[in-house]
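*Asks:*
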Ligand SMILES: [Zn+2]
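Residue numbers (the working numbering): 292 to 863.
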């Protein structure tokens, strides 16, 4: 066969010649090929040098599962192509995207790959970076990698782990593994040879895209023959975030691998139309199920999902790795309706029925077009009674009443809703809200108040003054403050420990309310904000109820314990 003319490439007939430094096995393949010695080498590194760093597998040798080696590591490291620039064979893939459900060992695989790139990839001055939504999250993969180094005598002899600055330094080859955040700040310089991009679903938009692009261009220099960026994540929500964009791009790569030949995408979603309660289906997005992922735990979560739309969405997104929106109708109204309790003649009779009782108060004060909602929570052991008052300015009322076929007029007649004149709610001294609160402060003992922080301070002070409550807890209606109360209220409904006495305004609000699930934390939820200009729905009885539950739960239990202690003293 004639030799290639000088300067023309590729010479796809040149043999690979790569030698596995451990087994001395040499590759004799030519052209783009699957390089067995390289694939063996990476798997050998995992199994000989790495151990598991937590749980029941702690300190045990990292025995690769079939799916880890055959579906991820071997193709990712074994597929090589001829590089005309470097005049040698290099790895085909520059970007790897691994998407599966939570708790299938993503951090361990990521950490292992980064350590291979640091210790065994033959890269001088290697620069390895763990990046995630913030420094703390980025530390997660780094922690696993650090433990893996410290638990292996050979690796720990060759490198120094510096926890304070989150670095692993390999002085002999001038190499370093460090941590970066994707939440803005200084953009990255440098010239990384390996990047672990963790939990893409939580990366901020747009700074996540900027960081991703900066890392990619940093890897593009001629100094690096075969840099590798590995993203691992649970499926991002179906929205316009950076993570969602990347997911869509990677789905296209799965469908047509030639569209981006340098990208390796491994995605394990349960199809949206599959039965989510069929245990056989759970294995699709959870390759570790029944191995190091507990089947019992999955069964428990699936049970919760059956009765709770938020738990179902969370189960679908985080355990079954489905790409779905973040919002879901919160309260199954048949459950709500089962918690009716005694229905009194009208609003006044309902308020009167609890005269003389102790209660907690939640307040959601209105913006211009909203309902103002006050919720009183009357504790009764583990059970609660909820009673509301609602107000609305005339202008907003007329519009809503028309949109809802006049049903609000009937609620006004029965006193469930009070309409005030003008286009904003009146909070002058003669406000009907204050008048009502005065009356309630006379008939109930109000133990404490939680309120939306956006409420104006003077109004809250005035309400505190009129109800003899010294400290009004005011906070923003966000995931941090609403999640616990929302879960607790749902449980109370599920266990039929709530009585709402048929308040029609509250029912309407609960029926209108969508729950918003956090992008990356399966436990965090909050009521979704209504887009007021576009919607004739209102949810204000929901936040007022959640805040009343918060007040009761966070402070009521302290009060109980004080009483319990007093009882003990008296008995003693
Ligand atoms: Zn080869």
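Even glycine gets a Cβ: it sits at the ideal position worked out from N, Cα and C.
Please read all numbers here as calculations on a predicted model, not as lab measurements.
Would you mind giving the Cβ-Cβ distance between residue 381 and residue 517, rounded to the nearest angstrom? I have them listed as a contact below 8 Å.
*Replies:* Yes, residue 381 and residue 517 are in contact; Cβ-Cβ is about 4 Å, under 8 Å.
*Asks:* Determine the direct distance from the alpha carbon of residue 811 to that of residue 618, and round the result to whole angstroms.
*Replies:* Spanning the two alpha carbons is a distance of roughly 13 Å.
*Asks:* In angstroms with no decimal places, state the Cα-to-Cα distance between residue 695 and residue 684.
*Replies:* Distance between the alpha carbons of residue 695 and residue 684 is about 16 Å.
*Asks:* Would you check if the distance between the CB atom of residue 466 and the CB atom of residue 427 is smaller than 9 Å?
*Replies:* In this structure, residue 427 does not lie closer than 9 Å to residue 466 by Cβ.
*Asks:* Would you call the CB atoms of residue 767 and residue 745 closer than 9 Å?
*Replies:* Closer than 9 Å, so yes.
*Asks:* Any residues whose CB sits closer than 5 Å to a heavy atom of ligand 1? List them in chain order?
*Replies:* For ligand 1, the selected residues are 307, 309, 318, 320 and 326.
*Asks:* Just curious, the beta strand (DSSP E) that residue 576 is in, first and last residue?
*Replies:* That residue, residue 576, is in no beta strand (DSSP E); it is neither H nor E in DSSP.
*Asks:* Considering only the beta carbon of each residue, do residue 610 and residue 573 sit closer than 9 Å?
*Replies:* Going by C-beta atoms, residue 610 is nearer than 9 Å to residue 573.
*Asks:* Which residue wins for smallest C-alpha separation from residue 663, given the options 623, 718 and 462?
*Replies:* Nearest C-alpha to residue 663: 718.
*Asks:* Quick one: what's got a C-beta closer than 6 Å to residue 734's C-beta in the same chain, skipping five residues either side?
*Replies:* Within the same chain, residue 734 has close Cβ partners 646.
*Asks:* Alpha carbon to alpha carbon, what distance is there between residue 793 and residue 634?
*Replies:* Straight-line Cα distance between these residues: approximately 6 Å.
*Asks:* Apply the 10 Å Cβ neighbour rule to residue 715 and answer buried if 16 or more other Cβ atoms are within range, or exposed otherwise.
*Replies:* Under this definition residue 715 is an exposed residue.
*Asks:* Would you tell me roughly how many angstroms separate the C-alpha atoms of residue 655 and residue 665, rounded to the nearest one?
*Replies:* Distance between the alpha carbons of residue 655 and residue 665: 6 Å.
*Asks:* Helix, strand or coil, according to DSSP, for residue 547 in the structure here?
*Replies:* Residue 547 falls in the coil class under three-state DSSP.
*Asks:* Would the beta-carbon of residue 400 fall within 9 Å of that of residue 436?
*Replies:* Not a contact, by the Cβ cut-off of 9 Å.
*Asks:* What is the DSSP secondary structure of residue 309, reduced to helix, strand or coil?
*Replies:* Looking at residue 309 - three-state DSSP - the assignment turns out to be coil, as it is neither helix nor strand.
*Asks:* Would you call the region 811–821 and the region 697–711 touching, i.e. three or more CB-CB distances under 8 Å?
*Replies:* Because the criterion of three Cβ pairs below 8 Å is not met, the region 811–821 and the region 697–711 do not touch.
*Asks:* Can you give me the C-alpha to C-alpha distance between residue 328 and residue 309, rounded to a whole angstrom?
*Replies:* The alpha-carbon atoms of residue 328 and residue 309 are separated by roughly 7 Å.
*Asks:* Apart from the five residues just before and just after residue 474, which ones in its own chain have a Cβ nearer than 7 Å to its Cβ?
*Replies:* Cβ within range, chain order: 424, 425, 495 and 498.
*Asks:* Does the beta-carbon of residue 760 have 16 or more other beta-carbons within 10 angstroms, so that it is buried, or is it exposed?
*Replies:* So residue 760 ends up on the buried side.
*Asks:* Is DSSP giving residue 394 helix, strand or coil here?
*Replies:* The answer is coil: DSSP assigns residue 394 none of H, G, I, E or B.
*Asks:* For residue 646, name the three-state secondary structure that DSSP assigns.
*Replies:* Note: residue 646 maps to coil in three-state DSSP.
*Asks:* Given this structure, state the Cα-to-Cα distance separating residue 340 from residue 347, to the nearest angstrom.
*Replies:* Approximately 19 Å, taken between the alpha carbons.
*Asks:* What are the complete alpha helix (DSSP H) segments, minimum 4 residues, inside the region 383–465?
*Replies:* Those alpha helix (DSSP H) runs which fall completely within the region 383–465 and span 4+ residues are 397–410, 426–441 and 444–449.
*Asks:* Is it the case that the Cβ atoms of residue 521 and residue 506 are separated by a distance below 9 Å?
*Replies:* Contact: no.
*Asks:* Check residue 712 in the structure and name its three-state DSSP category.
*Replies:* Coil.
*Asks:* Tell me, which residues are paired with residue 665 by DSSP?
*Replies:* Bridge partners of residue 665: 654 and 680.
*Asks:* How would you write the range of the alpha helix (DSSP H) that residue 799 sits in, first residue to last?
*Replies:* Here the alpha helix (DSSP H) through residue 799 covers 795–803.
*Asks:* Roughly how many angstroms separate the alpha carbons of residue 373 and residue 324, rounded to a whole number?
*Replies:* Computed Cα separation, rounded: 9 Å.
*Asks:* Thinking just about the alpha-carbon of each residue, which of 431, 680 and 468 is nearest to the one in residue 345?
*Replies:* Considering only alpha carbons, the answer is 431.
*Asks:* Straight-line CA distance for residue 542 to residue 556?
*Replies:* The alpha-carbon atoms of residue 542 and residue 556 are separated by roughly 8 Å.
*Asks:* Taking Cβ to Cβ, would you say residue 805 is nearer than 9 Å to residue 621?
*Replies:* Yes, the pair counts as a contact, with Cβ atoms nearer than the cut-off.
*Asks:* Could you check which residue in 807, 579, 567 and 488 has the C-alpha nearest to that of residue 533?
*Replies:* Here the closest residue by C-alpha is 488.
*Asks:* Less than 9 Å separating the beta-carbons of residue 581 and residue 836?
*Replies:* Against a cut-off of 9 Å, the Cβ pair of residue 836 and residue 581 comes out as no contact.
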